[in-house]
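> Below is one structure. I have some questions about it.
2 protein chains.
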Amino acid sequence: MTARGAATRARIVEAAAGLIYDRGVGGTSLDDVMRASSTSKSQLYHYFADKDALIGAVIQAQTCRVLAFQATLLDHVETLAGLRGWRDAIVAATEAACGVGGCPLGTLGSELADRSENARALVAEGFQAWELRLASCLRRLREHGELDPGAEPNDLAASLIGALQGGLLLAQTTRTVRSLKLVLDMALEHVGSRAKAGVL
Amino acid sequence: MTARGAATRARIVEAAAGLIYDRGVGGTSLDDVMRASSTSKSQLYHYFADKDALIGAVIQAQTCRVLAFQATLLDHVETLAGLRGWRDAIVAATEAACGVGGCPLGTLGSELADRSENARALVAEGFQAWELRLASCLRRLREHGELDPGAEPNDLAASLIGALQGGLLLAQTTRTVRSLKLVLDMALEHVGSRAKAGVL
DNA sequence: CCACGACTGGACTTGACAGTCCATATGTCT
DNA sequence: AGACATATGGACTGTCAAGTCCAGTCGTGG
């Protein structure tokens with residue numbers, strides 16, 4: 001693929017990701033994508049076998065987006081108190097959007113998991129990667145003596161992500177950030193309960 | 201509406217709810233509903249103004265279904281240990297289905313919240329009702345001296361539901377019950393941390 | 001410069017879907 | 001019985017979406 005081709009492909013994925021985030025997979029037609037990316041049908045079908053292939057690329061793009069955002073929040077976290085900054089940033093972002101949109105990965109998972117095995121697996125990979133990054137951040141905290149040596153970074157990471165997904169789903173449907181705050185605070189408290197004695 | 205009419209209407213809603221639970225709103229056509237309920241177009245449009253109106257009825261039906269299921273689990277809970285039965289039943293049901301389907305209310309919320317304000321509000325009402333029932337169960341526990349007088353039943357209920365939603369979403373996309381278990385155990389531990397001194 | 005593969009434009013086909021329309025049936029009340 | 005509201009059958013329309021096809025253009029290596 002030439003540089004021009006790669007740019008076109010990227011433009012298509014970018015546009016599709018935006019439309020799908022706003023309107024869902026079912027609510028986004030290829031004609032919408034063409035308009036938003038200034039491309040033609042032949043271009044879409046030149047770079048993607050069919051709509052499902054495009055969706056697959058969108059899932060991977062959204063995974064990258066989520067991981068990048070999480071990295072900006074987690075990379076400099078060195079203490080349990082720092083983890084609260086993660087919570088606050090997510091709550092602030094959700095509040096700013098009134099919950100609209102939700103998690104780019106979570107909404108895709110909910111819409112596609114039971115409809116396309118391929119899509120489901122891709123979203124699951126995204127969550128897996130996310131959990132790994134979060135776990136390694138927690139492992140760092142444990143190494144720094146913030147967390148008890150018996151704390152399980154992998155399990156804690158899964159709980160944190162689960163709490164976040166539930167909170168975002170409720171924020172999306174209630175247009176309120178109340179449940180998100182409660183569930184994230186619960187998760188933080190849970191991590192805190194695995195703090196090394198004397199740290200808190 | 202005559203009794204026969206009411207029966208027809210109920211058959212339509214029932215069939216639509218089943219199809220939508222399996223295939224999503226976008227993946228369910230009115231022709232599908234007709235076939236599954238043995239009705240004709242005129243009947244659909246006799247009882248519902250348009251597809252959105254039918255979806256609204258489906259949301260209310262699924263709300264009833266969820267509340268009824270939750271009632272069977274919660275009505276006889278009188279202790280914190282009893283609450284663990286609630287967790288176990290949900291995990292068992294999810295495991296049996298390999299996570300497929302998810303929460304009838306949660307999946308509808310995720311698909312519709314940003315697409316239809318009316319649908320969003322209906323799903324939000326459903327969650328609200330659910331939270332109320334769960335909170336009154338927790339309040340009973342508090343009255344029975346299981347929970348500390350300072351425990352907040354409403355907040356605890358919201359956390360429990362949020363954790364459940366996140367766990368079900370992850371179960372659906374990973375086809376694993378691991379995150380669901382972790383997040384529900386975390387929520388139970390959180391409730392336990394509000395137990396009356398000496399109960400645990 | 002020219003040949004060939006990568007790339008692009010856009011018309012066209014096919015099918016599905018929401019919603020309309022009118023004719024007919026059913027049942028109840030008088 | 002018969003009038004009238006409720007209920008039902010099913011053909012029809014218009015729209016929109018996915019996917020196909022072919023005629024071109026671009027750009028780079030030989």
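Those protein sequences? They're chains A and B, same order as listed. This note's numbering applies: residue 1 is where the first sequence begins, and numbers increase by one. This note's numbering applies: residue 201 is where the second sequence begins, and numbers increase by one. Yeah, the Cβ is synthetic: ideal placement off N, Cα and C, and Gly gets one too. The model shown is predicted, which means the values in this text are computed figures rather than measured ones.
#1: Which residues bound the alpha helix (DSSP H) around M234 of chain B?
#2: Who are the neighbours of Q365 of chain B on chain A, taking C-beta pairs under 8 Å?
#3: Whole-angstrom Cβ separation of A166 of chain A and L364 of chain B, contact assumed at under 8 Å?
#4: Using a Cβ cut-off of 7 Å, which residues of the segment 103-135 of chain A contact any Cβ in chain B, in chain order?
#5: Taking only the alpha-carbon atoms, compute the straight-line gap between K241 of chain B and S229 of chain B and give it to the nearest angstrom.
#6: Which runs of the beta strand (DSSP E) at least 3 residues long sit entirely within the segment 91-125 of chain A? Give them in chain order.
#7: What does DSSP give as the partner residue(s) for A395 of chain B in the beta ladder?
#8: Identify whether R76 of chain A lies in helix, strand or coil by the three-state DSSP scheme.
#9: Under the three-state reduction of DSSP, which class applies to M186 of chain A: helix, strand or coil?
#10: Anything in chain B within Cβ reach of G24 of chain A, meaning under 8 Å, just list it in chain order.
#11: Kindly give me the distance between the Cβ atoms of V377 of chain B and E295 of chain B, rounded to whole angstroms, as I take these residues to be in contact under 8 Å.
#12: I'd like the list of long-range same chain contacts for R265 of chain B, defined as Cβ closer than 7 Å, with 5 residues on each side in sequence excluded.
#13: Give me the Cβ distance between A329 of chain B and L267 of chain B, rounded to the nearest whole Å; I'm assuming they're in contact under 8 Å.
#14: Could you tell me whether any Cβ in chain B is nearer than 7 Å to the Cβ of G162 of chain A?
#15: Quick check on this structure: which residue in A:S193, A:Y47 and A:G106 has the alpha carbon closest to the alpha carbon of A121 of chain A?
#16: Which residues in the same chain as A339 of chain B place their Cβ atom closer than 6 Å to its Cβ, once the five residues preceding and following it in sequence are excluded?
#17: Any beta carbon from chain A within less than 7 Å of T374 of chain B's own beta carbon?
#18: Is G109 of chain A near the ligand ATP - that is, is its Cβ less than 6 Å away from at least one heavy atom of it?
#19: Please identify the residue among A:L83, A:G198 and A:G101 whose C-alpha is closest to the C-alpha of L156 of chain A.
#20: Please go through the same chain and pick out, in chain order, the residues whose beta-carbon is closer than 7 Å to the beta-carbon of K251 of chain B, but skip the five residues on each side of it.
#21: Decide if R235 of chain B is buried, meaning its Cβ has at least 16 other Cβ atoms within 10 Å, or exposed.
#22: Can you find a C-beta in chain A that's less than 7 Å from the C-beta of A217 of chain B?
#23: Should A16 of chain A go down as buried or exposed, given a rule of 16 or more other Cβ atoms within 10 Å for buried?
So, from the data block:
#1: Along the second sequence, read from residue 1 onward, the residue named residue 234 of chain B stands at position 34. L230 to S237 is the extent of the alpha helix (DSSP H) around M234 of chain B.
#2: Position 165 of the second sequence holds residue 365 of chain B. The answer, in chain order, is Q165, G166, L169 and L170.
#3: Position 166 of the first sequence, counted from the start, is the residue given in the question as residue 166 of chain A. Position 164 of the second sequence, counted from the start, is the residue given in the question as residue 364 of chain B. Residue identity check: residue 166 of chain A is Gly in the sequence provided, not Ala. Between G166 of chain A and L364 of chain B the beta-carbon gap is near 7 Å, inside 8 Å, which marks them as a contact.
#4: Flagged, chain order: G106, T107, G109, S110, E111, A113, D114, R115, R120, V123, A124 and F127.
#5: The sequence position of residue 241 of chain B within the second sequence is 41, counting from 1. The sequence position of residue 229 of chain B within the second sequence is 29, counting from 1. Straight-line measurement puts the Cα of S229 of chain B at about 11 Å from the Cα of K241 of chain B.
#6: Runs of the beta strand (DSSP E) inside the segment 91-125 of chain A: none found.
#7: Taking the second sequence and counting its residues from 1, one reaches residue 395 of chain B at position 195. Beta-bridge pairing links A395 of chain B to B:L347.
#8: For the purposes of this step, residue 76 of chain A is identified with residue 76 of the first sequence, where counting begins at 1. Note on identity: in this sequence residue 76 of chain A is His, with Arg being the wrong assignment. Reduced to three states, the DSSP call for H76 of chain A is coil.
#9: Residue numbering aside, residue 186 of chain A sits at position 186 when the first sequence is read from its first letter. The answer is helix: DSSP assigns M186 of chain A an H, G or I state.
#10: Residue 24 of chain A sits at position 24 when you count from the first residue of the first sequence. Those within 8 Å of G24 of chain A in chain B are G226, E311, D314 and R315.
#11: Position 177 of the second sequence holds residue 377 of chain B. Position 95 of the second sequence holds residue 295 of chain B. With a beta-carbon spacing of about 5 Å, V377 of chain B and E295 of chain B fall inside the 8 Å limit used to define contacts.
#12: Counted from its first residue, the second sequence places residue 265 of chain B at position 65. If we look at R265 of chain B and ignore the five residues flanking it on each side, its Cβ neighbours are P304.
#13: In the second sequence, the residue the question calls residue 329 of chain B occupies position 129. In the second sequence, the residue the question calls residue 267 of chain B occupies position 67. A329 of chain B to L267 of chain B, Cβ: 6 Å. Contact.
#14: Position 162 of the first sequence, counted from the first residue, corresponds to residue 162 of chain A. Using beta-carbon distances, G162 of chain A counts as an interface residue toward chain B, with a partner under 7 Å.
#15: To locate residue 121 of chain A, count along the first sequence from 1; it is residue 121. The shortest C-alpha separation from A121 of chain A is found at A:G106.
#16: Within the second sequence, numbered from 1, the residue matching residue 339 of chain B stands at position 139. The question names Ala, yet the displayed sequence has Arg at residue 339 of chain B. If we look at R339 of chain B and ignore the five residues flanking it on each side, its Cβ neighbours are P353.
#17: The count along the second sequence starts at 1 and reaches residue 374 of chain B at position 174. Yes, its Cβ sits closer than 7 Å to a Cβ of chain A.
#18: This structure does not include the ligand ATP; it has no bound ligands of any sort.
#19: Along the first sequence, read from residue 1 onward, the residue named residue 156 of chain A stands at position 156. In this structure, A:L83 is the residue among A:L83, A:G198 and A:G101 with its C-alpha nearest to the C-alpha of L156 of chain A.
#20: If you number the second sequence from 1, residue 251 of chain B lands on position 51. Take K251 of chain B, set aside five residues on each side of it, and the residues of its chain with a beta-carbon closer than 7 Å to its own are L230, in chain order.
#21: Reading the second sequence from its first residue, position 35 is the one you call residue 235 of chain B. Under this definition R235 of chain B is an exposed residue.
#22: Start at 1 with the first residue of the second sequence, and residue 217 of chain B comes out as number 17. Chain A, which has no Cβ nearer than 7 Å to the Cβ of A217 of chain B, makes this no.
#23: The sequence position of residue 16 of chain A within the first sequence is 16, counting from 1. Buried, because 16 or more other Cβ atoms sit within 10 Å of the Cβ of A16 of chain A.
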